[in-house]
Every structure is written in structure tokens, then in C-alpha cells.
Amino acid sequence: MASIQLQAQQLYCERDDRVLFDHLDVSLGNGELVQISGPNGAGKTTLLRLLAGLNQDFDGDVLWHQQPLRSVYAEYAQQRLFMGHLSAVKKALTPIENLRWLTSGWSVPEDALWEALTEVKLAGYEETLCQQLSAGQQRRVALARLCVTPAPLWILDEPFTALDVHGVSWLETQLQQHVERGGSVLITSHHALQSIPSLRQLQLGVTREFEQ
Amino acid sequence: MASIQLQAQQLYCERDDRVLFDHLDVSLGNGELVQISGPNGAGKTTLLRLLAGLNQDFDGDVLWHQQPLRSVYAEYAQQRLFMGHLSAVKKALTPIENLRWLTSGWSVPEDALWEALTEVKLAGYEETLCQQLSAGQQRRVALARLCVTPAPLWILDEPFTALDVHGVSWLETQLQQHVERGGSVLITSHHALQSIPSLRQLQLGVTREFEQ
Amino acid sequence: MSLTRATLRRDFILVARNPGEWLNPLMFFLMVAAMFPLAVDQDPRFLAKIAGGVIWVSALLATLLSLDALFKMDVDDGSLEQWLASGESMFAMALGKALVHWCVSGLPLTLMSPLLAMMLALPDDAYAALFYSLAIGTPILSLLGAVGAALTAGLRSGGLLLSLLILPLYVPVLIFASSAVYHAGLGMPYAGQLGFLGAMLALAVCFTPLAVAAALKLNLSR
Amino acid sequence: MSLTRATLRRDFILVARNPGEWLNPLMFFLMVAAMFPLAVDQDPRFLAKIAGGVIWVSALLATLLSLDALFKMDVDDGSLEQWLASGESMFAMALGKALVHWCVSGLPLTLMSPLLAMMLALPDDAYAALFYSLAIGTPILSLLGAVGAALTAGLRSGGLLLSLLILPLYVPVLIFASSAVYHAGLGMPYAGQLGFLGAMLALAVCFTPLAVAAALKLNLSR
Amino acid sequence: MWQWITRLYHQLGSPKWFMQLTDKWLPWLIAVTALGGLYGLVNGLLFAPVDYQQGNSYRIIYIHVPAALVAQSAFVMMAIAGAVYLVWRIKMAAWVAKAIAPIGASFCLIALFTGAIWGKPTWGTYWIWDARLTSMLLLLFLYFGVMALQKAIESEEMSYRAAAILSLVGVVNIPIIKYSVNWWNTLHQPATLKLTEKPTMHIDMLIPLLVMIATTYVLLAILVILRTRNEILWHERKSKWLKQRLES
Ligand code: HEM
Ligand SMILES: Nc1ncnc2c1ncn2[C@@H]1O[C@H](COP(=O)(O)OP(=O)(O)OP(=O)(O)O)[C@@H](O)[C@H]1O
Ligand SMILES: Nc1ncnc2c1ncn2[C@@H]1O[C@H](COP(=O)(O)OP(=O)(O)OP(=O)(O)O)[C@@H](O)[C@H]1O
Ligand SMILES: [Mg+2]
Ligand SMILES: [Mg+2]
């Protein structure tokens, strides 16, 4: 597994004149799993996108192997996998076509893709259009790439959404295995992840309460 | 609390030549909470929409006080509140404006609306445009109407999505109180609802596994 | 009824918050009409002959383009589902939506038409005919358009499909209206054409809401 | 590079699966052009004079309408986010997207133009000019349009706003192209106009992808 | 030299410095406008000789021509400010660009409006599809496009950048548009009505015109400064220096 060294220093971000976080340091190395938690509106999604290099609307430094993220973005992008709220699954395509596109940044052999779909319990649905799948099934299409992309760093925003009990435990196993293999994971979830030993929590501030 | 009597008999529904459920009977009266559970793609959303009168693509009867649903639809609609995957929250409106619209089917006094927003921890955000709220906050706007609509029957599809820990326990309390007041709830969720005593589970079939 | 009223109010709030909603169709109208002299010929005598037709075609296209969003947003964010869940009369809702659409597209176009008429050298006699034909004709466009918008609301490439569905329906309006303007320009009477437009409007008010309601209910069983 | 190629392939699959995507602009083109004789005058001698301009305006509007969905879908379903996350060159992506768009809109229009020319009684001499001007001009429309589409991708009332942004930019293309057709109809040379169109195309290929890339990156910090 | 440049860079980016500087400049600029305007208008409207072809109606030139010129320059300024913002992310530049758009559009409207009024006595019609008129109209559309885009995007950052990109694309296109429109108008068969051939201007007409043009540019500067100051006041409303400033 390639070496992972993501550091964020003195992050400061405000939205609508409300400070989401200030003097925030985050660092991530091989074999670590960091769960960003906090109440609704705390800024978890914002922080995640910022660490993924998708948002530049903040102060502070994000470093990848000691270099500013923007200057090594292409290399960084090869090494990290980002999954946001939106799953990038096209409804007019079949699961296998979607997966092929989702993994096209890495050269993944074709039969690995089919295996991945079987792995997420979509065997038999490979050639069905995604618009005919249920909410959870569509989500699984997007998750299937966790099994096949070689990227060591995973950044996942609420990946448990819409999954059923089996799906949840499957995903937990995936996370755990990935971490054991030396990969690392940055995740937001309102779901408790206690089962994974190397879990680290990063608590974001509570939302400001207004007086009436 | 008005009397609730929803009965579904011998429901049969197929999608893409796959039978989702067959010979299914559901009935719901005052003070009951039914959780429809099952793996992704089992047909939970389909069943819920069908019982809400929003989907007529099935065989069997759905009765409201012994009358076919379609013939008493207007009355039925007054008595039940439906919340689907989509929250019907307009991003260009403020939470209070959204809530006003969402509850306009019942005549709810204005200050009750403001209280409801406070109740869901959105005090201070009443006049912010919803597009500036986080995923969970937007969801709370939609949930706020649970506090103010007088409808005795609630039909909720995955209402726990995007809520943080506090939000989840708040919603559980709401469900419980509603049931104790004599209302009833039909819900799908991958979330365990054990805390509510009168819970009934309705398990939908597992998805067919294909052989490779 | 209360939900219909709430929806009307909400839609007007949305328009007020986003003035582009009525300004954009208007600008588009002006721009398309201004393209013709560029593409065809700038001689005023020549323009005078095509002015009525060009203005009407532009108005029609501007209306068409603004129709796209009429129900789509409501479908996408679940508002329509809530509406159907409420069990209120669809007829009122459909009529209300068309009304909002007309206030946002047809009405401003009608009010701005004299300016375009001037730029395209429309004969002086035809100004009144242009104005009246737009005032009576654009509500028909909104009502007919609402049917198309409702049918295509849940679809991906809605915009273009919508145009295909309703352009043919717009043809009678276009023919009567542009003929009214043309005849007025020649100093001939045009009350007959306006009468037809009026009759079409009456029909449209009575029947299109039914079609819209039916089309929206299709979204029930998605 | 691989993602760009995968995206191109995916987009063509999507088009193949939904033929409306290329059929609709074509139908729209035919319909708008067919509306003119109805709105203006059916006399073939008169039509002959306006045919070139009308066909070009219709082509322009058809292109415009089909632009709306160019990036919007990708923004809405998160594909663009994935694209940005991949760190690949935006320039290639922008160019590829414009190419797909042209294959779906400009190319079929160009191929169908002789039919319309016939219906609108375009002079025989002008057929070639019409064809060439469309073949060179419509790619420019796609490229410039991609800029507008990228700028409005995340917005609500995208379609109309997009038109507002890029219609003025389309004017030079419209002028040179319709003048080429017009002159050809009079038996005059038109190579100069086509040359200008060619130069504009070269410029557009080099520079618009930069603007598209910059505009798409805006969606980074949403 | 380099130090001087970096200092300028920091100063230009500093709202505080801008407020202080314009505090000093504004009275002078306003005085210049008032004097120039007075001189230009009095001379132009009262003392300049009557035109032998157009009588007194030509006097609208003292508003029309300056407005038309300023409207064109303003677009270029807006694009430059936008480019500065895109490259260096200087907030001030974005505010300036945002401030210019409606002002430029207004001058554009004034030019069109006065031109149309003028057209009636000279050509007998308010509007013809003359090359200059058409390109002015297209400029107005470009302005509207930029403003509409800015309005449509909620996130402020994004709206600045989007507007900057659009105005850059627009400014590259303005010469192309102008050129093509000129060419279009001269190659088609000529219109029945034409801009009257301009008689070489009497010096007494010319000087007030030049003064008016210069004055209008100063007016543009004033308006942009005022609007930019508004933007600063709004965006920096929380900052310490502004609070101190407002208290003193
Ligand atoms: C709506 C109508 C009009 C518009 C939009 C318009 C537009 C313009 C523009 C853009 C300019 C700036 C000069 C340039 O960039 O070349 C200008 C200048 C001028 N216009 Fe107009 N104009 C209009 C009507 C008229 C009329 C009716 C007259 C007089 C008969 C007139 C006479 C002039 C003169 C004498 C100049 C200055 C000379 C020069 O710079 O070429 N304009 N106009
Ligand atoms: N629009 C549709 N067209 C055809 N088939 C559909 C459509 N929507 C859903 N289905 C099929 O119906 C089945 C049930 O879908 P439904 O959305 O009811 O599942 P669900 O139980 O709500 O799953 P989830 O937990 O993922 O939300 C799915 O397996 C899917 O194949
Ligand atoms: N587009 C936006 N414009 C302005 N403010 C925004 C925007 N998106 C989010 N915010 C603000 O930033 C804050 C943090 O939002 P974010 O989406 O990061 O929250 P989150 O922690 O992911 O919450 P959730 O658990 O609900 O997903 C919110 O309170 C919201 O007010
Ligand atoms: Mg979030
Ligand atoms: Mg479901």
C-alpha cells in the first residue's frame, strides 16, 4: 500500500459569518480511520470536501506529503477515492457501465468489476438500468468501487445512507479490512463505528444555539 | 384523535417481472406503529407509496374505513401525513416559508410553526434560505411538520436519513408520543426502533439471488 | 383550496426572490427578435413585412423555454408528491400554475411588444393588433404549454421534448395572431382573428387544466 | 486521459440509449423553420429571400436548447464532482463534451439542412453554401455554448439564462453564415465568409475549453 | 522597484486603503465633474453654433457620444477587474467588477435612448439596424448577461468568478462582434436610412464635446468608487477598522 501522509494545519472556515472550525489540525497516515462527527450543520461535509481538494474556500494549509495539495493535485487524486453525498450513478446506465466509468481513473480489469458487483449483492442486476433499482441498490453501485480501486486513501461522506443491515455490516468489514491492509479512511457518518479498533474520532463543534 | 382504520388485503405487486410481495395483508389502527423492514430493493418504498394512495400499480384492495381508498381519497388525505424520500423543501425559500407551505393543507396557526422550528433545533435559521443549510438541517425542516399537523396517520419513508444522534432520538420520541396519543405510524427505516413498545415489524421478502 | 392558495403565494415569492424568472424570458424575446434583422435583411421596408411574424415567433419561443421549469422543480424536490398526497383539486392547481406562468412570461412580453414593434419597423396601424393578439394569445400558450410541461416533468431531456410536443399545438394560435397583425398592417379589419383567439382562450381555460391534472397524476405511479 | 475517454464512451452510450437526445434538436430545428412560412408569408419568392436566415436562426436556437443539459446532469448526479476529484485535465474533458454535443446537435442539423432548404425554397445555388456554413459554424456554436452551459450548470433557471449569455456571442457566426448563404443565392462568391467562420472555429477550439474548464471548477467550491 | 510593486499589490487589495484614498479623492473628482459638466453643457447647449443641417437637435450629441464611449470602456474595465480577481483572488477587484456592471449598462441604455430620440428628427425613425446601433444593442445584452449570471448564483465567490469568466469571453468577442456587424451592414444592400454624414465639426462644437467626454469618464470613476465603497461597507461590516472608522 502506497504511503499516505495527509496533513491539515490551522484550518479555518466560515460560512455565512458563522465560524465552522478554527485552528483545526488533522493528520492522517497509513492504517488510520478518522470519523468526523458532530451534529447536523457542524461542517463535516465542508471539512471533507476541503481535505479532498474540492473546496478552496478556507484559510490554512492542506499538505500531501509535505506539499501543498493544489500543487500535487494530480498525484493526490490518484491516491484518494472520494465519495460525496451524490453518488455519480447515472440512472440511464447499467450498474456495470456505471462502475466502469467510476473506476476509469485506475485501470481495473473487467472481471474485477463484475466480481465487485457480486460482492455488493447486485449479481443479476448488472445489466438492469439503474433507474429501476431501489435507493439502496443504487447506493451499492457506487460502493462497489471500494472493492476494486487501488487508491489507499478513502474519503467517504455518509456512506451508510440507504443501506440495509447487511449492507452496513458489509461496509464496516470493508473499512476494517482496508485499514488493516494499511490504507486509511476519512469518513463522516452519524452511524457509530465502534467495531473498528483503530477508530479515531474528530468532533466538530456544536451548532450555535440562538436565543429566542 | 380521529379514528384510524387502514386495511390492505391480498396485495400483489411486481416490478420488472419480479414479484415484490404477494398475498400481503396489512392493517393499521389507532395507537399502532408498523415498521416495514427488509433488505435494499425489497419493495418497502413501493408498499408505502401504495398504502399512501400514491401508486396504483398493484393488485388487491386498500381500504380506509372499509371504503376503497380512491373513493375516499380527499378525506383520507386529510387524515394522513406522507413524507417520502424527497423532502419537498424548496432551497430558495426559508425554513418558515417551507413549513408554511408544507402544512397549508391543515390550518396551523403561525406561532405553532415557529415553535416547531425551534423544536427541531432550527431556531435562528428561520429566515435563512434553505440552500445554505446542511443536509441534516434541510431534513429537519421537513420533519418539523410532524409537530404541527393534526393528521393522525403518519407514513414516513426513511425519516432518519441525514439526522444526527440528537435528531434521531428526538424523532423516536415524537413517534412514541404520537402513538401514545392514539395516532399511528407506518414507517420504513433501516434503523432499529426497539425503544418503542407498540412496535410491529412487517418483514418484506429478501431479494432474489441470481446464480452466476 | 388552501394548498392551492399557498402554492400560488409560494410561487410568487419564488419569482420575487429570483427576478430572472420573469426577466429572462423577456430578454430572450428581445434577443431572438433582434437576431432576425441580422440574419435576414435590415431594410426597414422589408422588415415591416415580417415584423409581426417574427415578433410572434419570438414570443412563442420565449414562452416555450420558460415552460420547462414549470413543474420540473416541483417533481424533483417532492413538492408535487406532497400535492398529490394532499388530495386537493388538481384543476385549481393546474390553473393556478398556468396563471403564474403567464404573469411571468406572457404578460411582460405583451407589455414590451411595442418596443420591439418599433425596432422592427412594424406599420403603425398594426401596433394595437399586435398588443391585443399577444394579450389574448399568450395565456393560451401558457395553458397549452402547461400540458406539455406536466407530461414531461419527470423526464430527463424535458426541455426539447416539451417543445416538440407543444409546438404543433401552438400553430393555430400563431396563424390567427400573425394574420391579425398582418391584416392590421394593411389597414384591414382583424376583429375576426381576435375573436377566434378569444374562443380558443375560453376553451383552453376550461379544458387544459383537466389534461394537466391527468398528466401530473401519471407521476403518481412512478 | 482514461477518464476523459471513459466519459466520451459513456456519453455516446447515453445518447444511443436515448435517441431523443439527437432526434429532438433535429425535430425542433425542422419545426421552428417550418413555423416561419406560417407566421410570415408563403410566397416562394419571398421565402427564398429569407430562407438562409431562417434556417440559420433555427439551427442556432436548436443548438441553444440542447446545450442546457450538457453539464447539468453531470453536476446534479455528482459525476462532475468525481471528474474534478480525479485530477485529470479539464481542457480535454471540455473539448470532448463539446464534441459529443456537436455530434448530437450540429451534425444531424447539417445533414438535414438540404431538406429544409427545399421546403423553404432556397435558391439552388445556395445549397452548398448552406451546408458548408453549417458544417463549419455549428461546431463554433457548440464550443461557445459549452462555456455558457458550464457557467449555468449548477443553476436553477439554467435554460433561459444560458440563452441570454450566449446569444450575443453567436451573432458573428450568424452574420457570416447567413451572409454566405445569401451571397451564394445571388451567385456571388462566399469563400471569404467561410474563411472567417473557419478562423473563428480555430480560435474557439483553442480558447473556449479554457473558459469551460475554469467555469466547471467553480463548482469545486459549492 | 519590486518592493514598490508588492506594496501596490497589497494596497490595491486593501479595502481600508481604498476607503482612505477615495475619502481624499472623491471631493476633487466631484468638483471636476461639476465644473466640466457645467462648462460642457452650458457651452454645448447654449453657445455652440447651430448645426446647418440638423438645427438644434444635434445638441444631444453632448450626452450621446460620451455615454456611448463610456459604456464601451466600462466593459473592458469590468473584464480587466474580473481577470485580476481570477488570477490573484483580490476581493477588491471582484467588488469593482460587480460595481461596474450596472453602471456600464446604464450608460449603454443612455446612449441607446438618446440615440433613439435623436434618430427621430434626423432619420425619421427611432431605430434602424445600423451597424453601430446594433453593436451597441449587443453590448447591452452582454451587460445584461453578466448581471443576470451574477444574480443567479447564490454563492458570492462563485458569482464573482463566473461573472469574470463571462466578461472575459465577452471582451474577446466585442471586437469580433463589432467587426462582423460593421461588415454585415456595409455588404448587404444599404439601408434606406443612414447615419447622416457627419459634417466636419466646428471647433466650438468640438471642444465642449471633448470636455463632456472627459467629464463623463470622471463621472464613471465616481460612480464606480461609490458603488465599490458600498460593497466594502457591506462586506467588511464586521471588521475592526471599519467599526473604528464609523465611530470616529
Ligand atoms: C439608438 C440610436 C443610436 C445608437 C445606439 C448610437 C450609438 C453610437 C455609438 C456606440 C457611438 C460611439 C462611437 C463609436 O464607437 O463609433 C456613437 C457616436 C455618435 N453617434 Fe450615435 N447612436 C445612435 C443614434 C445616433 C443618431 C440618431 C445620430 C445623429 C444623426 C448619431 C450620431 C452620432 C455621432 C455624430 C457620434 C460621434 C461620432 C463618432 O464617434 O463616430 N447617433 N453613437
Ligand atoms: N421506477 C422503477 N421501475 C421499475 N422497477 C423499479 C422502479 N423502482 C423500483 N423498482 C424495483 O422495485 C424494487 C423495490 O424497490 P423499492 O424502492 O420499493 O425498494 P426499497 O425496499 O425501498 O429499497 P431501499 O431499502 O433500497 O430503499 C427494486 O428492486 C427495483 O428493482
Ligand atoms: N452552499 C452553502 N452556502 C452557505 N452556507 C452553507 C452552504 N452549505 C452549507 N452551509 C453552511 O455550512 C454549515 C455546515 O454545512 P455542512 O454541510 O458541512 O454540515 P454537515 O456537518 O455536513 O451537516 P449534516 O450532518 O447535516 O450533513 C451549515 O450549517 C450551513 O449553514
Ligand atoms: Mg453533510
Ligand atoms: Mg426505499
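Protein chains in written order, with the numbering used here: chain Y, 487 to 698; chain U, 487 to 698; chain C, 462 to 683; chain B, 462 to 683; chain V, 6 to 253. Idealized CB from N, CA, C, for every residue including glycine. Please read all numbers here as calculations on a predicted model, not as lab measurements.
**Asked** Since C/PRO600 meets chain V, which of its residues come closer than 8 Å, beta carbon to beta carbon?
**Response** Start at 1 with the first residue of the third sequence, and residue 600 of chain C comes out as number 139. Under the 8 Å cutoff, chain V gives no residues; its nearest Cβ is about 26 Å from C/PRO600.
**Request:** Compute the distance between the beta-carbons of Y/ALA494 and Y/VAL512, then report whether it is under 7 Å.
**Result:** Translated into positions along the first sequence, residue 494 of chain Y becomes position 8. Translated into positions along the first sequence, residue 512 of chain Y becomes position 26. Yes, the Cβ-Cβ distance between Y/ALA494 and Y/VAL512 is below 7 Å.
**Item:** Under the three-state DSSP convention, the category Y/PRO554 falls into
**Value:** The residue given as residue 554 of chain Y occupies position 68 in the first sequence. It is a strand residue.
**C-alpha distance - U/LEU567 paired with U/GLU561, whole-angstrom precision** = Residue mapping note: residue 567 of chain U aligns to position 81 of the second sequence, counting from 1. Residue mapping note: residue 561 of chain U aligns to position 75 of the second sequence, counting from 1. Using only the alpha carbons, I get a separation of about 12 Å.
**Asked** Is there contact between the region 497-508 of chain C and the region 528-535 of chain C, where contact requires at least three CB pairs shorter than 8 Å?
**Response** no
**Asked** Taking just the CA atoms, how far does V/ALA136 sit from C/MET554?
**Response** By one-based count along the third sequence, residue 554 of chain C stands at place 93. By one-based count along the fifth sequence, residue 136 of chain V stands at place 131. Rounded to the nearest angstrom, the two C-alpha atoms are 48 Å apart.
**Message:** Given this structure, state the Cα-to-Cα distance separating C/SER639 from C/LEU526, to the nearest angstrom.
**Reply:** Mapped onto the third sequence, residue 639 of chain C falls at position 178. Mapped onto the third sequence, residue 526 of chain C falls at position 65. About 20 Å.
**Message:** Which residues in chain U have a C-beta closer than 7 Å to the C-beta of Y/ASP650? List them in chain order.
**Reply:** For the purposes of this step, residue 650 of chain Y is identified with residue 164 of the first sequence, where counting begins at 1. What Y/ASP650 touches in chain U: PRO525, ASN526 and HIS676.
**Asked** Does DSSP classify Y/LEU672 as helix, strand or coil?
**Response** Locating residue 672 of chain Y in the first sequence gives position 186, counting from the first residue. Y/LEU672 falls in the strand class under three-state DSSP.
**Item:** N- and C-terminal bounds of the beta strand (DSSP E) containing U/ALA678
**Value:** By 1-based counting over the second sequence, the position of residue 678 of chain U is 192. From DSSP, U/ALA678 is part of no beta strand (DSSP E); its letter is neither H nor E.
**Request:** Return the CA-CA distance between V/TRP7 and V/HIS15, expressed in angstroms with no decimal places.
**Result:** Looking up residue 7 of chain V in the fifth sequence gives position 2. Looking up residue 15 of chain V in the fifth sequence gives position 10. Approximately 12 Å, taken between the alpha carbons.
**ligand 3 heavy atom lying under 6 Å from the CB of U/LEU619** = For this step, residue 619 of chain U is matched to residue 133 along the second sequence. Yes - ligand 3 has a heavy atom lying nearer than 6 Å to the Cβ of U/LEU619.
**Request:** Would you please verify whether the beta carbon of C/ILE474 is less than 7 Å from any beta carbon of chain B?
**Result:** Here the question's residue 474 of chain C lines up with position 13 in the third sequence. Chain B, which has no Cβ nearer than 7 Å to the Cβ of C/ILE474, makes this no.
**Asked** Residue range of the beta strand (DSSP E) that U/GLN513 falls in?
**Response** In the second sequence, counting from the first residue as 1, residue 513 of chain U sits at position 27. Note that residue 513 of chain U corresponds to Ser in the displayed sequence, not to Gln. 504-515 is the extent of the beta strand (DSSP E) around U/SER513.
**Request:** Keeping to the same chain, check which residues put their C-beta closer than 7 Å to that of B/LEU522; ignore five residues upstream and five downstream.
**Result:** Looking up residue 522 of chain B in the fourth sequence gives position 61. Taken in chain order, the residues that qualify are VAL493.
**Asked** Helix, strand or coil: how does DSSP classify U/SER523 here?
**Response** Stepping through the second sequence from its first residue, residue 523 of chain U is reached at position 37. DSSP places U/SER523 in strand when its eight states are reduced to three.
**Message:** For U/GLU500 and B/THR468, what's the separation of their Cα atoms in angstroms?
**Reply:** Position 14 of the second sequence, counting from 1, holds the residue named residue 500 of chain U. Position 7 of the fourth sequence, counting from 1, holds the residue named residue 468 of chain B. Those two C-alpha atoms are separated by around 34 Å.
**Item:** U/GLU695 versus Y/ALA609: straight-line alpha-carbon distance, rounded
**Value:** As a position in the second sequence, residue 695 of chain U is number 209, starting the count at 1. As a position in the first sequence, residue 609 of chain Y is number 123, starting the count at 1. Here the model assigns U/GLU695 a pLDDT of 41, short of 50, so the residue's position is not dependable and the matter cannot be decided.
**Asked** How long is the line joining the alpha carbons of Y/TRP592 and Y/VAL654, rounded to whole angstroms?
**Response** Position 106 of the first sequence, counted from the first residue, corresponds to residue 592 of chain Y. Position 168 of the first sequence, counted from the first residue, corresponds to residue 654 of chain Y. Whole-angstrom Cα-Cα distance: 26 Å.
**Prompt:** Do we get a CB-CB distance below 7 Å when we pair U/ASP503 with the residues of chain Y?
**Reply:** As a working mapping, residue 503 of chain U is identified with position 17 in the second sequence. Chain Y, which has no Cβ nearer than 7 Å to the Cβ of U/ASP503, makes this no.
**Message:** Please tell me whether, using a cut-off of 6 Å, the distance from the CB of U/THR647 to the nearest non-hydrogen atom of ligand 5 is below it.
**Reply:** Position 161 of the second sequence, counting from 1, holds the residue named residue 647 of chain U. No.
**Request:** Have a look at the DSSP bridge pairing and note the partners of Y/VAL456.
**Result:** The first residue shown for chain Y is 487 and the last is 698, placing residue 456 of chain Y beyond what the model contains.
**Message:** Are there any heavy atoms of ligand 4 lying less than 6 Å away from the beta-carbon of U/LYS607, as far as the coordinates show?
**Reply:** Position 121 of the second sequence, counted from the start, is the residue given in the question as residue 607 of chain U. Answer for U/LYS607: no, Cβ out of range of ligand 4.
**Prompt:** Beta-carbon of B/ILE516 versus every beta-carbon of chain C: anything under 7 Å?
**Reply:** To locate residue 516 of chain B, count along the fourth sequence from 1; it is residue 55. No, B/ILE516 lies away from the interface with chain C (no Cβ there is under 7 Å from its Cβ).
**Asked** Which residues in the same chain have their Cβ closer than 7 Å to the Cβ of Y/LEU649, if we skip the five residues on either side of it in sequence?
**Response** Walking along the first sequence from the start, residue 649 of chain Y turns up at place 163. Hits under 7 Å: GLY622, ARG625 and LEU657.
**Message:** When you compare the region 206-222 of chain V with the region 658-675 of chain B, are there three or more beta-carbon pairs, one atom per stretch, that lie closer than 8 Å?
**Reply:** No contact exists between the region 206-222 of chain V and the region 658-675 of chain B.
**Prompt:** Using the rule of at least 16 other Cβ atoms within 10 Å of the residue's Cβ for burial, across every protein chain shown, is B/THR524 buried or exposed?
**Reply:** Position 63 of the fourth sequence, counting from 1, holds the residue named residue 524 of chain B. Classification for B/THR524: buried.
**Request:** Return the first residue and the last residue of the alpha helix (DSSP H) that C/GLN503 is part of.
**Result:** For this step, residue 503 of chain C is matched to residue 42 along the third sequence. It is not in any alpha helix (DSSP H) - C/GLN503 carries neither H nor E in the DSSP assignment.
**Request:** May I ask whether a heavy atom of ligand 2 can be found less than 6 Å away from the beta carbon of U/LYS530?
**Result:** If you number the second sequence from 1, residue 530 of chain U lands on position 44. Within the cutoff, so yes.
**Cβ pair V/ALA76, V/ALA116 closer than 7 Å** = Position 71 of the fifth sequence holds residue 76 of chain V. Position 111 of the fifth sequence holds residue 116 of chain V. Their beta carbons are under 7 Å apart, which means V/ALA76 touches V/ALA116 by this criterion.
**Item:** chain B contact residues for V/ILE181, given Cβ-Cβ distances below 7 Å
**Value:** As a working mapping, residue 181 of chain V is identified with position 176 in the fifth sequence. Neighbours of V/ILE181 on chain B, chain order: PRO633.
**Prompt:** Could you give the residue range of the alpha helix (DSSP H) that holds B/LEU595?
**Reply:** Position 134 of the fourth sequence, counted from the first residue, corresponds to residue 595 of chain B. Segment 588-613, the alpha helix (DSSP H) holding B/LEU595.
**Prompt:** Are the CB atoms of B/SER550 and Y/ALA563 nearer to each other than 7 Å?
**Reply:** Taking the fourth sequence and counting its residues from 1, the one referred to as residue 550 of chain B is at position 89. Taking the first sequence and counting its residues from 1, the one referred to as residue 563 of chain Y is at position 77. Contact flag unset, no.
**Prompt:** By how many angstroms is the C-alpha of B/ILE627 removed from the C-alpha of C/ALA578?
**Reply:** Residue 578 of chain C sits at position 117 when you count from the first residue of the third sequence. Residue 627 of chain B sits at position 166 when you count from the first residue of the fourth sequence. Approximately 24 Å between the Cα atoms of the pair.
**Y/ARG676 classed as buried or exposed, judged by whether at least 16 other C-beta atoms fall within 10 angstroms** = Translated into positions along the first sequence, residue 676 of chain Y becomes position 190. In the sequence as displayed, the identity of residue 676 of chain Y is His instead of Arg. Classification of Y/HIS676: buried, given that the 10 Å Cβ count is 16 or more.
**Asked** Is Y/GLY622 near ligand 2, going by C-beta to nearest heavy atom under 6 Å?
**Response** Position 136 of the first sequence, counted from the start, is the residue given in the question as residue 622 of chain Y. Yes.
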